[in-house]
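Colleague: Note that the protein sequences, when read in sequence, are chains P and F. Last residue of the first sequence: number 334 in our numbering, and the count goes up by one each step with no gaps. Last residue of the second sequence: number 448 in our numbering, and the count goes up by one each step with no gaps. No residue lacks a Cβ here, since even glycine has one placed at the ideal position from N, Cα and C.
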Amino acid sequence: MASTYVKDPAAAHAPPQRPETGAGRPRARRAVGWLTAFGFTLPALLLFGVLVLAPILYALYVSLFDWGGFGSPTDYVGLDNYSRLLRDPVFIGDLWRGLLLVLFSVGVQLPFALAMAVLLNQRLRGRAVYRTLFFAPYVLSEVITGVLFSMIFAPEDGLADNVLGSVGLDGLGGLWFADQDHVLPTLFLVMTWKYFGFHMMLYLAGLQGIPAELHEAARIDGAGPWQRFRHITLPLLGPTIRISVFLSVIGAIQLFDLVWVVTQGGPDHHSETMAVTMFQYGFKRFEIGYASAISIGMFFISLVFALVYQRSVLRRDTEGALTTMRASR
Amino acid sequence: MSASARAITSVFGASSSSLSRRRFLGTASAAGLGAAGLSACSDSGSSHTDGQGRTVVEWWNIQTTEPSKSLWPQRAKAFEAAHPDVRIKLVTMENDAYKSKMTALTSSGKLPDIYHTWGGGVLEQQIDAGLVEDLTPSISSLIDTLVPASVTAYRFDGKTYAVPFDIGAAGFWYNKALFARAGIQEPPATWADYLDAVRKLKSAGITPIALAGKEKWPGMYYWAYLAMRIAGLDGMQAAADAKDFTGDDFVKAGEHLEELVALQPFQKGFLGAAYSTPTGEAATMGNGKAAMELMGQWAPVVQADAGKGIGKDLGFFPFPAVAGGKGARTDVFGGGGGYAVRKGAPKAAVDFLKFFMSAESDRVLVSKGSMMPVVKDATSALTDPHLKLVSDVLGEATGFQLYLDQAYPPAVGQEVNDSVAALIAGSKTPEQVARAVTQVAKSQ
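Right under this line is the structure:
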């Protein structure tokens, strides 16, 4: 931007002390424009600075100390917390479990949500009821969901085992959340139940935006349902899907409350996520420095993912907006 | 209900008596130097008086639930009636709020005249910072009237720094009917007998033990008690002082726990079980679905609250002895509550505590406030048959070990919980547990 200013001959040759007579002067006008823009964004910038930027920077600072959270940090340890992070089997496990959850979310939960959305986009008796039903879990709080499912999957007389038992299946005998090998799949089941409705709603909204004429034309040309889905619905739903994947991945990376209520990360760390580990160290062990290092790690992973995803995947969707801005300059 | 609330408080008090002890030790001792200097010149000035010229004594407590919530002010009034020149000002705070407030106060070097303490590591840091009055000379006559185990958590280097008002202990709560059905006549007195009893219960088709695997601290009790029985209280103290738990005794504690785990004694799905929820450890026990649990004096109340409760069938026996171990079967693992006095507090503060913990007053606390008796002569006021069992064990205690998560810094306490949970889940060996705890202890 700055280079544009210099190249502007009128502005470059303008005497510095010239009285402001007309708004016609490009430089002055630009300055006023910038000031106005700055003035209007200032409150937002302030809030962003105080509530987002400052905590991040403070966490970054604290993560360089061995600090218990009281008084002020004095025991500077450099990057020790970070090297400890990379050697911590629990944190490495968190990364692995996070990756699994992301893969499952994107590979199973979202296609399922999409299938339901396509189904419920058709003329169907009781369509609104189904939509509401499927969306309802998303409205529940994570804590209520957690309490609910720890009862459903409880040992002895949990609902899940009883239902499975009554149709002649064995169930897991209460070992849903209480077994190292079953806890993550069970957790994923609950996550799917809780969140697929939200993604379904996103897709439904996206589907509404696809003109019926396209489908009609394709039908006349003799395209089957699969062909229409593959060549009309899917491409036109692209932006929605890309946003939905983005939200799903960020959600999986930051998963905390559900896990905390249901298992506290157990048994034996087998359902622990990065956020749970951070909480354990921050508020149970009072190793604030190390917990900050974990939070910075989480932030870094989310940031890298967000940037790469924005640049490579979402670029096409935001391109339009950017070109419009450029054209207006 | 209040007893259960107290139980919960003591449970969470145990698991989150969480000041970063090492870090704040630094600041606290720095502040302590200043405070010591200050209090030296303002001993009399710091005790302030109210408009009527009465000495004001601030009494910080955490009795936010009935009956103690209304009993505490009554006790203060009773003291004021006998001492017209003193006003006891109660400051009552919720457990966690109290802890964070005290953390800030400790680092500023200004504590309330009388304040609640759980003893252990936190109190020791306040003492090291020079903020706590040594009560040894002023309460020497009182001490002899108290149950010895109740004072241990507040005693350092032979000096006493707080007056206890409540005390509790963990032991095995067992279902007599289920024990009888399995053909076990006597509660086991040794670890070998104990394992035998577990086998008998198993072969009778009874779940021997209820355990809240999700919450970790109930599992820690087993390791801690085994370590106490094998290493003895001196061994526990030496390990805590040297920050080294890798000795044979602690590895052996883990090995004995492994023997128990190998028998698969716990209820189905115990790794996911919480403590006080409707499907948790207390409910399993309270509904008669398991034969025993290792738990503190609050267990009967929570059993009846989360489950149905087993009433007369409920019995209590101390943790068994381990053959060849240095610890006695009468050594007790537990925790309680006490009141410490800040350095330089008005003399009336100590007078009040003497009054508060007189036999007569403690009888009131026991009969009306559902506290455990701390004064020997008040034991008769205890009517609850279950609490009596615990009180008897405490009365005969030859030694007392404070709950590890109160005795140790939070990071160490959590590491013990975490590592023992891993041992019970089968992913850590006894050596690895000992090493992990030592590593964290050394880093503190």
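Mind checking if A18(F) is an interface residue toward chain P, Cβ cutoff 7 Å exclusive?
Modeller: The predicted model places A18(F) with a pLDDT of 38, which falls under 50 and marks its position as unreliable, so this point remains unresolved.
Colleague: Between which residues of its own chain and H120(F) is the CB-CB distance below 7 Å, once the five residues before and five after are set aside?
Modeller: Once the five neighbours on either side are set aside, the close Cβ partners of H120(F) are W64, N65, I66, Y102, G341, Y343.
Colleague: Are the C-beta of P272(P) and some C-beta of chain F separated by less than 7 Å?
Modeller: Yes, contact with chain F.
Colleague: Counting only the same chain and skipping the five closest in sequence on each side, list residues whose C-beta sits under 7 Å from that of E84(F).
Modeller: Excluding residues within five positions, the ones whose Cβ falls inside 7 Å are V90, R91, I92.
Colleague: So what does DSSP say about R346(F), is it helix, strand or coil?
Modeller: Correct three-state label for R346(F): strand.
Colleague: Express the C-alpha separation of Y158(F) and L109(F) in angstroms, rounding to a whole number.
Modeller: Their backbone Cα atoms lie some 20 Å apart in a straight line.
Colleague: Starting from the beta carbon of G273(F), find every residue of chain P whose beta carbon is closer than 7 Å, and list them in chain order.
Modeller: P160, G179, L180, A183, listed in chain order.
Colleague: Flag S24(F) as yes if its beta-carbon sits less than 7 Å from any beta-carbon of chain P, otherwise no.
Modeller: For S24(F), the predicted model reports a pLDDT of 36, less than 50, meaning its position is unreliable; a value from the coordinates is still stated below. So, interface residue.
Colleague: When you check each C-beta in the region 79 to 98 of chain P against every C-beta of chain F, which residues fall closer than 8 Å?
Modeller: Within the region 79 to 98 of chain P, the residues whose Cβ lies closer than 8 Å to some Cβ of chain F are T79, D80, listed in chain order.
Colleague: Counting only runs of 3+ residues fully inside the region 139 to 196 of chain F, write out the beta strand (DSSP E) ranges in chain order.
Modeller: Runs of the beta strand (DSSP E) inside the region 139 to 196 of chain F: 166 to 179.
Colleague: Kindly confirm or deny that the region 428 to 442 of chain F and the region 134 to 149 of chain F touch, where touching means at least three C-beta pairs closer than 8 Å.
Modeller: Taking 8 Å as the limit for Cβ pairs, the verdict is that the region 134 to 149 of chain F does not touch the region 428 to 442 of chain F.
Colleague: Can you list, in chain order, the residues of its chain whose CB lies under 6 Å from that of F193(P), leaving out five sequence neighbours each side?
Modeller: Answer for F193(P): F109, listed in chain order.
Colleague: Return the first residue and the last residue of the beta strand (DSSP E) that K293(F) is part of.
Modeller: Counting along the chain, K293(F) falls outside any beta strand (DSSP E), and DSSP gives it neither H nor E.
Colleague: So what does DSSP say about L319(P), is it helix, strand or coil?
Modeller: Coil at L319(P), not helix or strand.
Colleague: Got a sec: which bits of the region 273 to 303 of chain P sit with their beta carbon under 7 Å from any beta carbon on chain F, in order along the chain?
Modeller: Within the region 273 to 303 of chain P, the qualifying residues are D273, K289, R290, F291, E292.
Colleague: Could you tell me the boundaries of the beta strand (DSSP E) in which H120(F) lies?
Modeller: Here the beta strand (DSSP E) through H120(F) covers 118 to 121.
Colleague: For V397(F), count neighbouring Cβ atoms within 10 angstroms of its own Cβ and tell me buried if that reaches 16, exposed if not.
Modeller: So V397(F) counts as buried.
Colleague: Would A426(F) pass as an interface residue toward chain B - the criterion being a Cβ-Cβ separation below 7 Å?
Modeller: Included in the structure are the protein chains P and F, with no chain B among them.
Colleague: To be precise: take each residue of the region 261 to 289 of chain F, compare its Cβ to all Cβ atoms of chain P, and keep it if any distance is under 9 Å. Which residues remain?
Modeller: Those residues of the region 261 to 289 of chain F that come within reach of chain P (Cβ to Cβ, closer than 9 Å) are Q271, K272, G273, F274, L275, G276, A277, A278, T281, P282, T283, T288.
Colleague: Assuming the contact rule is C-beta atoms closer than 8 Å, L260(P) and A280(P) should be a hit. Round their C-beta distance to whole Å, please.
Modeller: Right, their Cβ atoms sit about 6 Å apart.
Colleague: Using only the alpha-carbon positions, how far apart do W181(P) and S154(F) sit?
Modeller: Distance between the alpha carbons of W181(P) and S154(F): 43 Å.
Colleague: With a CB to CB cut of under 8 Å and the five nearest residues on each side skipped, what residues in its chain are close to A223(P)?
Modeller: So the qualifying residues of the chain are Q232, R233, H236, I237.
Colleague: Taking only beta-carbon atoms, is A28(P) less than 7 Å away from chain F?
Modeller: Reliability fails at A28(P), whose pLDDT of 49 lies under 50, so the model's placement of it is uncertain and the value that follows must be treated cautiously. For A28(P), the answer is no, since every Cβ of chain F falls outside 7 Å of its Cβ.
Colleague: With a 10 Å radius around its C-beta and 16 neighbouring C-beta atoms as the bar for buried, classify P78(P) as buried or exposed.
Modeller: So P78(P) counts as buried.
Colleague: Which value, in whole angstroms, describes the spacing of the CA atoms of P60(P) and G302(P)?
Modeller: One C-alpha to the other measures close to 14 Å.
Colleague: Please report how far the alpha carbon of V267(P) lies from the alpha carbon of A425(F), in whole angstroms.
Modeller: One C-alpha to the other measures close to 17 Å.
Colleague: Look at the alpha carbon of P116(P) and the alpha carbon of D186(P), and state the distance between them as a whole number of angstroms.
Modeller: Computed Cα separation, rounded: 25 Å.
Colleague: How about E137(F) and V345(F): are their beta carbons less than 7 Å apart?
Modeller: Yes.
Colleague: So, for A353(F): in the same chain, excluding its five sequence neighbours on each side, which residues have a beta-carbon less than 7 Å away from its beta-carbon?
Modeller: Contacts found: V61, D117, I118, V345.
Colleague: For a minimum of 3 consecutive residues, which ranges assigned as the beta strand (DSSP E) are wholly contained in the region 305 to 362 of chain F?
Modeller: As far as the region 305 to 362 of chain F is concerned, its whole beta strand (DSSP E) runs of at least 3 residues are 318 to 321, 335 to 345.
Colleague: With a Cβ-Cβ cutoff of 7 Å, do P192(F) and A201(F) count as a contact?
Modeller: The answer is yes: Cβ separation under 7 Å.
Colleague: Select from F305(P), A311(P), R320(P) the residue whose C-alpha is nearest the C-alpha of L65(P).
Modeller: Nearest option by C-alpha distance: F305(P).
Colleague: Report the rounded CA-to-CA distance for D132(F) versus A166(F), giving the unit in angstroms.
Modeller: Computed Cα separation, rounded: 15 Å.
Colleague: How is the beta strand (DSSP E) around I92(F) delimited, first residue to last?
Modeller: Start and end: 90 to 96.
Colleague: From D13(P) to R247(P), what distance separates their C-alpha atoms?
Modeller: Per-residue confidence for D13(P) stands at a pLDDT of 47, beneath the threshold of 50, marking its modelled position as unreliable; the derived number appears in the next sentence. D13(P) and R247(P): Cα-Cα distance of roughly 41 Å.
Colleague: Using only the heavy atoms of the ligand NAD, determine whether one of them is closer than 6 Å to the beta carbon of E137(F).
Modeller: Judged by which ligands are present, the structure shown has none, so any question about the ligand NAD falls away.
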